[in-house]
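For reference, the structure is listed below as structure tokens.
Protein chains in written order, with the working numbering: chain A, 47 to 314; chain B, 215 to 346.
In structure tokens, the structure reads:
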């Protein structure tokens, strides 16, 4: 699996303004007599991204140039880890089959940190943990990831968040302090050194032994927290992405400063 | 029948918001310069909803709505602005375009319209300064 490159320190992949679009495909007939008929061709929208790089350093541009050459423009497909998406398959539904639950019980819904009853009570015993596959194909050594989750604890405590590989080896972990009765977003950032499949870990190390409320799990391909994005609506792993251009047209806007615009499209 | 979502702040759109009125008149012009006109649609509402610098959570709610409507496909949802409910609404586009101008601040516009005649759109919503 070939990934769109992270070009800067701490996993920088895109610059602002960052534009993304979700596209359905509908055939609509609005008859002159008034009735409207419509047919939806796509069960789920396809994404596209307009990447604007206002000021790249030459080494960053060369990374993109080499990747563009490798893909031969629009010809080849690659995987785009969307910094505007979320690589956790089901970010709020912990009963989903994508969550591996070890010594934990998924309980009732509770009020979330923003609105609605979108939080979930999770009760752990002895050494409870949750894990979700975020990079199923692996081959991602060198990539930066940031995992996060909102947690509400009934009393002051701590919870571990980290990443594990397909063999349950802990790649990195962080024990995060939780204040009592206050939604807190905890996070763990890492630069991967493994080419194994990667899973997000919540709990373990004896940190999930009672009831907690969780909401909004997220893994973003960058060196820090991004705005929370819900899945499955905005899943962040797009394995069928291509460049939407055969031309790479950098502008040299200053000493060692290169401006570049790229459009990526998802084709399936 | 689904409802267009409200932001966590309680408003349904930000300024500038358009609450417009439209008709749909068909015109056929013939070779001898005569023409025939007929009203395919009566009065209906047309709307442009603006969202500036909203949070990722609000964006997720709007995106969920777009996905459930499947773009232009669904024409049965409702939009309530200042206590007036507009029914038989449809999105104008199959594209949902979001721009992140500043970190974690998302902006977009949603164009939509009624697909069934509804004269209530002239009721005076344009005098309101806030759209909730």
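Cβ coordinates follow ideal geometry from the N, Cα and C atoms, glycine included.
Every value quoted in this text rests on a predicted model; they were computed, and no experiment measured them.
For this session: Give, in chain order, every residue of the stretch 273 to 289 of chain A whose Cβ lies closer than 7 Å to some Cβ of chain B.
Result: 273, 274, 275, 276, 279 and 280
Problem set entry | Contact list for residue 285 of chain B against chain D, beta-carbon separation under 8 Å | The structure shown contains no chain D; the protein chains it does contain are A and B.
For this session: In the DSSP assignment, find the beta strand (DSSP E) that holds residue 316 of chain A and state where it starts and stops.
Result: With chain A covering 47 to 314 only, the question about residue 316 of chain A has no answer from this structure.
Exercise. Is it true that the CB of residue 123 of chain A sits closer than 9 Å to the CB of residue 117 of chain A?
Worked result: yes
Problem set entry | Candidates A:166, A:261, A:221 and A:265: closest to residue 155 of chain A by CA position | A:166
Exercise. Does any CB atom of chain B fall closer than 9 Å to the CB of residue 305 of chain A?
Worked result: no
For this session: Just the chain B side, please: which residues come within less than 9 Å of residue 65 of chain A by C-beta, in chain order?
Result: 311, 312, 313 and 314
For this session: Kindly indicate if chain A contains any beta-carbon less than 9 Å away from that of residue 280 of chain B.
Result: yes
For this session: Go ahead and label residue 128 of chain A buried or exposed: buried means 16 or more other beta carbons lie within 10 angstroms of its beta carbon, across all protein chains shown.
Result: buried
Problem set entry | Proximal chain B residues relative to residue 82 of chain A, where beta-carbon distance stays under 7 Å | 289 and 329
For this session: Taking C-beta pairs closer than 7 Å, name the residues in chain A that residue 292 of chain B reaches, listed in chain order.
Result: Chain A residues near residue 292 of chain B: none, gap ~16 Å exceeds 7 Å.
Problem set entry | Separation of residue 72 of chain A from residue 87 of chain A, as counted between CA atoms | 6 Å
Exercise. For residue 272 of chain B, which of helix, strand or coil comes out of DSSP?
Worked result: helix
For this session: Could you confirm whether any beta carbon from chain A is found closer than 9 Å to the beta carbon of residue 263 of chain B?
Result: no
Exercise. What distance in whole Å lies between the Cβ atoms of residue 240 of chain A and residue 187 of chain A, which are believed to be in contact at a cut-off of 8 Å?
Worked result: 6 Å
Problem set entry | Separation of residue 260 of chain B from residue 179 of chain A, as counted between CA atoms | 44 Å
Problem set entry | Beta-carbon spacing of residue 262 of chain B, residue 220 of chain B below 9 Å | no
Exercise. How would you call residue 245 of chain A, buried or exposed, if buried means at least 16 neighbouring beta carbons within 10 angstroms?
Worked result: buried
For this session: Taking only beta carbons into account, state which residues of the stretch 243 to 270 of chain B come closer than 7 Å to chain A, listed in chain order.
Result: 254, 255, 269 and 270
Problem set entry | First and last residue of the uninterrupted beta strand (DSSP E) at residue 226 of chain B | Here residue 226 of chain B belongs to no beta strand (DSSP E), and DSSP marks it neither H nor E.
For this session: List the residues of chain B that residue 102 of chain A touches, going by C-beta distances under 9 Å, in chain order.
Result: Those do not exist, as residue 102 of chain A stays about 18 Å from chain B at its closest Cβ, beyond 9 Å.
Exercise. When the cut-off is 9 Å and only beta carbons count, does residue 142 of chain A lie next to chain B?
Worked result: no
Exercise. If you compare alpha carbons, which of A:94, A:70, A:48 and A:174 is closest to residue 278 of chain B?
Worked result: A:70
Exercise. Would a check of beta-carbon distances place residue 317 of chain B closer than 9 Å to chain A?
Worked result: yes
Exercise. Given that residue 239 of chain B touches chain A, what residues does it touch there, using C-beta distances under 7 Å?
Worked result: By Cβ distance, chain A contributes nothing, its closest Cβ being about 11 Å from residue 239 of chain B, past 7 Å.
Exercise. What three-state label does DSSP hand residue 105 of chain A in the structure shown?
Worked result: helix
Exercise. Which residues of chain A have a Cβ atom closer than 7 Å to the Cβ of residue 232 of chain B, listed in chain order?
Worked result: Correct list: empty, because the minimum Cβ distance to chain A is about 21 Å.
Problem set entry | Continuous beta strand (DSSP E) stretch holding residue 216 of chain A: start and end | 216 to 224
For this session: For residue 161 of chain A, return the contacting residues in chain B, with the cut-off set at a CB-CB distance below 7 Å.
Result: 222
Problem set entry | residue 309 of chain B and residue 285 of chain B closer than 9 Å at C-beta | yes
Exercise. Just the Cα atoms here: how many angstroms apart are residue 94 of chain A and residue 311 of chain A?
Worked result: 4 Å
Exercise. Taking a cut of 8 Å between CB atoms, which residues from the stretch 122 to 140 of chain A lie near chain B?
Worked result: 130
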